[in-house]
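Step one of this worksheet: look at the structure below.
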Amino acid sequence: MKNDRRIQVLPENVANQIAAGEVVERPASVLKELMENALDAGASQVDAEIVGGGKTLVRVADNGVGMSRDDALLSIERFATSKIRAPSELERIETLGFRGEALAAISSVSRFHLLTRRADDLAGTEITMSAGKIQDVRDQGCAPGTVVSVRNLFFNLPARRKFLRSQQTELFHARQVFILYALSHPDAAMSLKVDGREIINLPRGSSLAQRLAELYPSSCRQALRPVSGASGPVRLTGYASLPTHIRSDGSEQHFFVNGRPTAAPVLAAAVREAYRGMLPRDRYPLVFLFISMDPALVDVNVHPTKKEVRFHDPSAVRNAIIQEVMRAISPAGHEGLPAFRARLTPAASPGQGAAFSKPGAQRVFDGLSLPSALFRPGPVQPVGRPPSTTTTPPAKNEIVLPSLPQAAPWSSVRVLGQVYGLYIVMETDEGIVLMDPHAAHERVLFERFMAQVAARKVQSHGLLLPETVDFSPRDAQALRTHVETLKRMGFGIAGFGGDSFIVDALPACLSEVAPARLLTDLAACLAQTGNKADMRLLLEEQIAQAACKSAVKAHGPLSPSEIESLIGQLAQTEMPYTCPHGRPTLIHISREELDRRFGRA
Ligand code: ADP
Ligand code: MG
Numbered sequence: 024m025k026n027d028r029r030i031q032v033l034p035e036n037v038a039n040q041i042a043a044g045e046v047v048e049r050p051a052s053v054l055k056e057l058m059e060n061a062l063d064a065g066a067s068q069v070d071a072e073i074v075g076g077g078k079t080l081v082r083v084a085d086n087g088v089g090m091s092r093d094d095a096l097l098s099i100e101r102f103a104t105s106k107i108r109a110p111s112e113l114e115r116i117e118t119l120g121f122r123g124e125a126l127a128a129i130s131s132v133s134r135f136h137l138l139t140r141r142a143d144d145l146a147g148t149e150i151t152m153s154a155g156k157i158q159d160v161r162d163q164g165c166a167p168g169t170v171v172s173v174r175n176l177f178f179n180l181p182a183r184r185k186f187l188r189s190q191q192t193e194l195f196h197a198r199q200v201f202i203l204y205a206l207s208h209p210d211a212a213m214s215l216k217v218d219g220r221e222i223i224n225l226p227r228g229s230s231l232a233q234r235l236a237e238l239y240p241s242s243c244r245q246a247l248r249p250v251s252g253a254s255g256p257v258r259l260t261g262y263a264s265l266p267t268h269i270r271s272d273g274s275e276q277h278f279f280v281n282g283r284p285t286a287a288p289v290l291a292a293a294v295r296e297a298y299r300g301m302l303p304r305d306r307y308p309l310v311f312l313f314i315s316m317d318p319a320l321v322d323v324n325v326h327p328t329k330k331e332v333r334f335h336d337p338s339a340v341r342n343a344i345i346q347e348v349m350r351a352i353s354p355a356g357h358e359g360l361p362a363f364r365a366r367l368t369p370a371a372s373p374g375q376g377a378a379f380s381k382p383g384a385q386r387v388f389d390g391l392s393l394p395s396a397l398f399r400p401g402p403v404q405p406v407g408r409p410p411s412t413t414t415t416p417p418a419k420n421e422i423v424l425p426s427l428p429q430a431a432p433w434s435s436v437r438v439l440g441q442v443y444g445l446y447i448v449m450e451t452d453e454g455i456v457l458m459d460p461h462a463a464h465e466r467v468l469f470e471r472f473m474a475q476v477a478a479r480k481v482q483s484h485g486l487l488l489p490e491t492v493d494f495s496p497r498d499a500q501a502l503r504t505h506v507e508t509l510k511r512m513g514f515g516i517a518g519f520g521g522d523s524f525i526v527d528a529l530p531a532c533l534s535e536v537a538p539a540r541l542l543t544d545l546a547a548c549l550a551q552t553g554n555k556a557d558m559r560l561l562l563e564e565q566i567a568q569a570a571c572k573s574a575v576k577a578h579g580p581l582s583p584s585e586i587e588s589l590i591g592q593l594a595q596t597e598m599p600y601t602c603p604h605g606r607p608t609l610i611h612i613s614r615e616e617l618d619r620r621f622g623r624a
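Every position in the sequence shown, counted from 1, becomes a number in the numbering used here once 23 is added.
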């Protein structure tokens, strides 16, 4: 008789191995699942151990509720979970786990050992498995709680084992996971042992601030500003770094949604937005953001690793992040930064004004203040980097900019002059400050211009002689696409046949610029932006950035009164420390730094 059935249901251990492909990528994923289970079990002590980058061993011991023998045997079955019972509960997940897959998946691709006891049981249960098959189950005396040991990950799937990276790299990833969960549960004591040596030991009952202090170098922490507030259904707490303290990658941007470490494109995009106009391209601030909201408003069941979530109302989350992070990092309301703004108005007195213009004379600005250490360069050893002997990951990801303001206001500033026809040199009681007048001027113009744009009150300045400007086909196309926005922003511009345009007005604050050059620069910028800038504000900011850059291109030596007024104007900006493209406007060398360099202890 012909066999009509070619399809068969896979044996369970094969099914588990297939599922493991999604849940278990590397030793770090094992550590993640085990730590989640420990925390879901209410543990107040979680001890992790890694050997051989986790390829040899990943072990997590906890003092949580433990399991009965029956539960222990069920826990290693697929889709066996104590965390949800009815489909409706999927809508409001409050635990880290809920899919009931992790232990089944992990035990199918390793040598697996589980030891568990509930506090009230006389004996615990020990289960030994290999490649998904139970080898031994017995009673075993042990402390209340659970210890899961995962050895030789992927030993039965050589093709996957081969794809694991070096021990150093795997350890790096595992350590990142450990740090994430340590941050998400600062109240629990946690330790991490690597190759027999305890490298992290965190006490119980910490606050987030204390846990950050336990894990991050102080230079890094000092740049962090607290974030705290609510907007609509979203509550936000945590920390965000000042725009002067940034990295060349996003690896220190951490988001937690209802306590769960989370990635979602909307989160990183919102942070980017909050820092817009303050950061260079491809630079990332440090953020630790805890988002709390009704669990019914978040879908965590998007991916087997539960790493990504989906928000029912992403724009509410986005707005909350933008609003609260901007508030946290804005100069107003924070020590160190606001002083600059509040007190920089020069105390002009006629006598000093005259002295200022004489060669070698100095003008004293009373009551001037700036954070003293703002631009002091100081490489920061970020947490979670593998030791330097490693070949991966590359060192280019080090923290790139200097650290942070310590509140130490200047009481006065003397302008000493301009060097190379460019940089302004100033002496303060705290040290020497160099100002790049282009960057400073760009910042001043940009904020002035954007304030008008935002208020929809751009003053336009008619040109005496309208000018026709020719563009390349690409640039002309870019201008045509955005001509309405440009008009709204005070540019009187219209097509003049072919790839030519006629300009008869400019925004008043840019009116001193040659129209042809301004538009050529703008068109080039817009052509590069393409249609990516679909959001109005983003587009407007880009236009303003390009325009202001173009406007300050030509600058010769400045007169003392020009310098003075520039300092005063810069002091009144929202973000005096960087130009709109993120370059610094001021560089500070402290008195101590000078003394140290000259060997005056
Ligand atoms: P999930 O966490 O999604 O429920 P797992 O496969 O990770 O699925 O775990 C299955 C079940 O085993 C859990 O629901 C929990 O009841 C139990 N369990 C796993 N780890 C522990 C632990 N460390 N302490 C107590 N119970 C645990
Ligand atoms: Mg789990």
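Positions of the beta carbon are idealized from the N, C-alpha and C atoms, including for glycine.
Tell me the DSSP bridge mates of Glu1? This structure gives no information on residue 1, because the portion of the chain shown stretches from 24 to 624.
Report the residue from Phe201, Ser111, Pro583 and Ile116 whose alpha carbon sits nearest the alpha carbon of Val280. Nearest option by C-alpha distance: Ile116.
Count the CB pairs spanning the stretch 217-231 and the stretch 72-85 that are closer than 8 angstroms, and state whether there are at least three. Yes, they touch.
For the beta strand (DSSP E) that contains His505, what are its first and last residues? Where His505 is concerned, there is no enclosing beta strand (DSSP E), given that its DSSP letter is neither H nor E.
Shortest alpha-carbon distance to Val200 belongs to which of Gly65, Ala128, Arg49 and Val321? Ranked by Cα distance from Val200, the first of Gly65, Ala128, Arg49 and Val321 is Arg49.
Starting from the N-terminal side, write out each stretch of the beta strand (DSSP E) that is 3 residues or longer and does not extend beyond the stretch 198-252. Within the stretch 198-252, the beta strand (DSSP E) runs of at least 3 residues that lie entirely inside it are, in chain order, 212-217 and 220-225.
Where does the unbroken beta strand (DSSP E) through Gln276 begin, and where does it stop? Unbroken beta strand (DSSP E) run through Gln276: Gln276 to Val280.
The ligand ADP heavy atoms versus the CB of Glu564: any closer than 7 angstroms? Glu564: no, Cβ never under 7 angstroms from the ligand ADP.
For Leu9, I'd like the list of residues in its chain whose CB is within less than 8 angstroms of its CB, leaving aside the five on either flank, ordered along the chain. A query on residue 9 cannot be resolved here, the shown segment of the chain reaching from 24 to 624 and no further.
Whole-number beta carbon distance between Arg540 and Ser495, since they are thought to touch under 8 angstroms: Incorrect: roughly 15 angstroms between the Cβ atoms, too far for contact.
Nearest to Gln595 by CA position, among Arg606, Phe514 and Arg471, is which residue? Closest option to Gln595, Cα to Cα, is Arg471.
Residues sharing a beta bridge with Ala517, DSSP: Secondary-structure assignment with DSSP links Ala517 through a beta bridge to Ile525.
Could you tell me if Tyr239 is buried or exposed, where buried requires 16 or more neighbouring beta carbons within 10 angstroms of its beta carbon? So Tyr239 ends up on the buried side.
For Glu465, is the beta carbon positioned less than 7 angstroms from some heavy atom of the ligand ADP? No, the beta carbon of Glu465 sits no closer than 7 angstroms to any heavy atom of the ligand ADP.
If we require 3 or more residues per run, which beta strand (DSSP E) segments fall completely within the stretch 77-152? Taking only runs of at least 3 residues, the beta strand (DSSP E) segments lying wholly in the stretch 77-152 are 80-85 and 134-140.
Kindly indicate which residue of Thr192, Ala66 and Asp85 has the alpha-carbon position closest to the one of Ala51. Ranking Thr192, Ala66 and Asp85 by CA distance to the CA of Ala51 puts Thr192 first.
Would you grab the beta carbon distance between Leu302 and Gly515 for me? Rounded to a whole angstrom, and I think it's under 8 angstroms. Rounded, the Cβ-Cβ distance is 32 angstroms, inconsistent with contact.
With a CB to CB cut of under 6 angstroms and the five nearest residues on each side skipped, what residues in its chain are close to Ala43? Hits under 6 angstroms: Ala128, Ser131 and Val132.
How close, in whole Å, do the beta carbons of Leu542 and Leu486 come, if the pair is a contact with beta carbons under 8 angstroms? That belief does not hold up - the Cβ atoms of Leu542 and Leu486 are roughly 12 angstroms apart, past 8 angstroms.
By how many angstroms is the C-alpha of Ala38 removed from the C-alpha of Lys185? Spanning the two alpha carbons is a distance of roughly 21 angstroms.
Distance, Cα to Cα, His357 vs Ser229? For His357, the pLDDT reaches just 37, beneath the cut-off of 50, and the residue's location in the model is therefore unreliable, although a value from the coordinates is still provided. Roughly 25 angstroms separates the two Cα atoms.
Cβ-heavy atom distance between Val575 and the ligand ADP below 7 angstroms? Relative to the ligand ADP, even the nearest heavy atom lies 7 angstroms or more away from the CB of Val575.
Separation of Cys165 from Gly282, as counted between CA atoms: Those two C-alpha atoms are separated by around 30 angstroms.
Taking 6 angstroms as the limit, name every residue whose beta carbon sits nearer than that to some heavy atom of the ligand MG, in sequence order. So the residues near the ligand MG by this Cβ test are Glu56, Glu59, Asn60, Gly120 and Ala125.
In whole angstroms, what is the alpha-carbon distance linking Ala146 and Gln346? A straight line joining the alpha-carbon of Ala146 with that of Gln346 spans about 54 angstroms.
Just to confirm, does Thr148 get its C-beta within under 7 angstroms of one of the non-hydrogen atoms of the ligand ADP? Flag unset: Cβ of Thr148 not near the ligand ADP.
Could you check whether Ala462 and Thr608 sit closer than 8 angstroms to each other, using their CB atoms as the reference points? Yes; because the gap between Cβ atoms is below 8 angstroms, this pair is in contact.
Any idea which residues DSSP pairs Glu450 with across the strands? According to DSSP, which records beta bridges pairwise, Glu450 is partnered with Arg437 and Ile455.
Under the three-state reduction of DSSP, which class applies to Ser52: helix, strand or coil? DSSP, read as helix, strand or coil, puts Ser52 in helix.
Own chain partners of Glu56 with C-beta closer than 6 angstroms, once the 5 adjacent residues on each side are dropped: Taking Glu56 as the centre and dropping the five residues before and after it, the same chain places the C-beta of Ala125 closer than 6 angstroms to its C-beta, in chain order.
Mapping DSSP to helix, strand and coil, what is Gly591? Here Gly591 sits in helix by DSSP.
Answer yes if the stretch 545-552 comes into contact with the stretch 580-593, meaning at least three C-beta pairs across the two stretches below 8 angstroms, and no otherwise. These segments do not touch.
Given a threshold of 16 other Cβ atoms within 10 Å of its Cβ, counted over all protein chains shown, does Asn224 qualify as buried or as exposed? The residue is exposed, with fewer than 16 neighbouring Cβ atoms inside 10 Å.
Three or more C-beta pairs under 8 angstroms: does that hold for the stretch 86-94 against the stretch 60-69? They touch, by the three-pair rule.
Terminal residues of the alpha helix (DSSP H) in which Ile345 lies: Pro337 to Ile352 is the span of the alpha helix (DSSP H), which, as asked, contains Ile345.
Using 7 angstroms as the cut-off, classify the Cβ of Arg108 as near or not near the heavy atoms of the ligand ADP, replying yes or no. No, the Cβ of Arg108 stays beyond 7 angstroms of every heavy atom of the ligand ADP.
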